[in-house]
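Protein chains in written order, with my numbering: chain U, 428 to 734; chain D, 428 to 734; chain W, 428 to 734.
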């Protein structure tokens, strides 16, 4: 991670990259909380291009850039842009890149799209989600959240639950975690929704421990952190979806039966898989996790811009 | 109204709050008209969250914040945000609140939503319309407009015409007016669309005079100001709607027959109930009213931000 | 072109206006490329009102304004604004004009709309496309591109190809070119899609040479620049559309057969009429053309704002 770097995959971050970003995020947090106004990115422009709807990722990048003193130009909702006239997203990006944005954040439903965008554009490109593939900045803020909550990442034991095959945060988070020592990942999902082969292969190469489970009950006593994600309706038959809904719902009720409740994380938005009654638990840290996204993305933008 | 206050209901404004806001609005107007650049809100971020479409309220808040030297981040059109994935607006707000906006302006079709939002968010929340319930900042600019046009609010006689039951500007404006002395409100509507009981009860408590009428003809000679609002099609049967359209349309023709034409106000947007040929009349002050919204919202933001 | 001018038609630009804008654009380009931060438009607000979808024109104006140090407020996609409630675009503009934007950029599908907007608004209005009528700022950047590529505009020989009847860039570009000496325009289109009478009449008055052709083959050896535009499906019968697609497609293959390949321009977005395999040719300057739009629009805004 240097000035001008593209951010395409979580695999490109070394342990020391992650640690450096956490340090910068903490410092920015401290300065903002002290009421300081930051102007590091004054005169710089972030271009946000979400070819797929997004609230929190788009908004947290926009807040991050504005809090750094910079400006934002947004593509706008894809449905109402030239895409209506049939333009390719590649042409759109290439054109906007010619307007000299200082950094481009892009989301697209096509796996590999961010990488293609980075080839097309002179400006640094940040992947804010390319289909089921990756979502590296989410993984950075997730690890930052673990670090803040536990004081360390080494030795963490984490359960990732939900649709692990098509959930892009799952692959990126696993990659970042594999930089750390003595991490154990429990993949909690129906067998058909386990992580993709390519993800497991990398964990194997990096000798990161992982196990599979089909229900939270099997592993809850062993995890420090439970990372809940959505089960996506469109990935399974209606019958299977209805059958699984019950066992993949984390609620106050379902957690109460455990002796020890792990920290609960979720990339949000949540639908039914994590009920609002969990919010009152001290272990519920998903809104704190969202907030961490602001500081981590500020740290990332600051690094890319070299300011 | 202090630094950090939420603005949920027009009922929270005392007479002296209103007067103070008018004073600030006038001062801001004078400075802007003198070509001064204001930087009071530099480094501050307004987050605008319109879960229901809006042009003028959203844009006037955005202009107000930028004219104060601050920045804006917008939720974007609701249809294309995470709402598509089924997230609750509460979760959306709570997440964005974690990004530390300095103030949040929210509109939602659910009565009471702004109040709920204020409980959820640490940032001050401004209600920009919660269903049929209230629209307090519209009421502030309305009263500012009356003050600017007549030189006073005490003693004003005003006709509110249209759908008074579900028009949120009607309740909020009535509440603000009830702070002033010797005000008379004429509610001009079909009997079924008279203001809600809760609104009338408050006027009774505050001993604000009001009368009902079914047509403008009955009261026009007695009002200083005619405040026209839309009759909403979805509130009545098609037959009734067609029947009422004629008598609830204010046009150059319909006004000409009166000896004395009152000031004409409208919260806009207008559809058929106020025809464009009225625009030429000196009594037509609805675009001036819209402009007043800029200064009043600047005054409000300045007060909330404490800058 | 002076401070405060509306920009409605390409006809309002004299040769010396164009030359002055090119000079300003070149200077801004040089300063930006030298890493300078420009703050000329600090405290000024551009309002962008695209009643018809747009990506590049909207974004390039927004980038231009932000690069000048100013701020942008955007109407938002038309579908989700008050337009849903039936407000006229005239009322929308008049209202927003009352918020005192420093300049308004407007696009609308109705020919003549920008002119109407300029009458309504106190702020200077820039036409970013009014139906099939005109798109003067596109024409300015087109001529700027010709000037940059050939070192002159006088004496240029250009082929305009596609739907010349309803393509608004065609009329505006022809008007600007007619300011220069010894220009020849080849209109390459099916006979039914030749430029409108009013356009030809003006070229006649200004004694600008033009010829008609039905295929590129007829004229390619004589043009310095080929300006490709879309053939719009909705303008012809499905059979005719299918029949013409082949001969109105510019591809690497189709260009290779010519002894000398002219410079290739396109206002973008392109669909099938210009294939991506052309991008590798040194003559393909349409992305450079897009970039020139940034500098030209900065020059234009700077001039209008008088900063």
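Think of the CB as a built atom: it goes at the ideal place given N, C-alpha and C, for glycine as much as any other residue.
Those residues of the region 700-726 of chain W placed with their C-beta closer than 7 Å to a C-beta in chain U are 714, 717, 718, 721, ordered along the chain. When DSSP reads this structure, residue 640 of chain U sits in a beta bridge with U/615.
Residue 564 of chain D carries a helical assignment under DSSP once its states are collapsed to helix, strand and coil. Residues of the region 473-485 of chain W with a C-beta less than 8 Å from any C-beta of chain U: 480, 481, 482, 483, 485, listed in chain order.
At a Cβ-Cβ threshold of 8 Å, residue 572 of chain U and residue 725 of chain U do not count as neighbours.
Under DSSP, residue 586 of chain U takes part in a beta bridge, and its partners are U/613, U/653. For residue 719 of chain W, the uninterrupted alpha helix (DSSP H) segment begins and ends at 713-732. The bridge partners DSSP lists for residue 692 of chain U are U/654. In this structure residue 495 of chain D is in contact with residue 468 of chain D, their Cβ atoms being roughly 4 Å apart against a cut-off of 8 Å. Look at the beta carbons and you see the region 474-482 of chain D not touching the region 444-459 of chain D: under three pairs across the two are nearer than 8 Å. Going by C-alpha positions, residue 647 of chain U is about 12 Å away from residue 655 of chain U.
Residue 501 of chain D is bridged by DSSP to D/475. In the three-state scheme derived from DSSP, where H, G and I count as helix and E and B as strand, residue 467 of chain W is classed as coil. By the Cβ-count criterion, residue 489 of chain U is buried, with 16 or more other Cβ atoms from all chains shown falling within 10 Å of its own Cβ. The distance from the Cβ of residue 523 of chain U to that of residue 486 of chain W is about 6 Å, consistent with a contact at the 8 Å cut-off. Residue 534 of chain D has a beta carbon lying at 8 Å or more from every beta carbon in chain U. Distance from the Cα of residue 569 of chain U is smallest, within the candidate group U/580, U/559, U/560, for U/580. For the pair residue 464 of chain U and residue 431 of chain D, the CB atoms are not nearer than the 8 Å cut-off. Residue 552 of chain U has a beta carbon lying at 8 Å or more from every beta carbon in chain D. Taking residue 560 of chain W as reference, the option from W/673, W/602, W/472, W/585 with the minimal CA-CA separation is W/602. Between residue 700 of chain W and the set U/513, U/521, U/710, the nearest pair of CA atoms involves U/513. From the beta-carbon of residue 504 of chain D, the residues of chain U found nearer than 7 Å are 504. Excluding the 5 residues flanking it on each side, residue 722 of chain D has same chain C-beta neighbours closer than 6 Å at 452, 455, 456, in chain order. The beta-carbon of residue 490 of chain D is placed less than 8 Å from the nearest beta-carbon of chain W.
Counting only residues of its own chain and dropping the five nearest sequence neighbours on each side, residue 584 of chain U has a CB closer than 7 Å to the CB of 611, 649, 650, 651. Look at the beta carbons and you see the region 587-606 of chain W touching the region 429-445 of chain W: at least three pairs across the two are nearer than 8 Å. In this structure, the CA atom of residue 429 of chain D is about 16 Å from the CA atom of residue 567 of chain D. Exposure of residue 632 of chain U is indicated by the presence of fewer than 16 other C-beta atoms within 10 angstroms of its C-beta.
With respect to the 8 Å criterion, residue 586 of chain D and residue 653 of chain D are classified as neighbours on the basis of their beta carbons. Spanning the alpha carbons of residue 597 of chain W and residue 499 of chain W requires a straight line of approximately 29 Å.
With its beta carbon at least 8 Å from every one in chain U, residue 466 of chain D lies outside the interface. With a contact defined as Cβ atoms closer than 8 Å, residue 551 of chain D and residue 704 of chain D miss out at about 42 Å. By the Cβ neighbour-count rule, residue 711 of chain D is buried, with 16 or more other Cβ atoms within 10 Å of its own. Going by C-alpha positions, residue 626 of chain U is about 11 Å away from residue 595 of chain U. Contact between residue 621 of chain D and residue 591 of chain D holds: their C-beta atoms lie close to 6 Å from each other, under 8 Å. According to DSSP, residue 533 of chain U shares a beta bridge with U/476, U/554.
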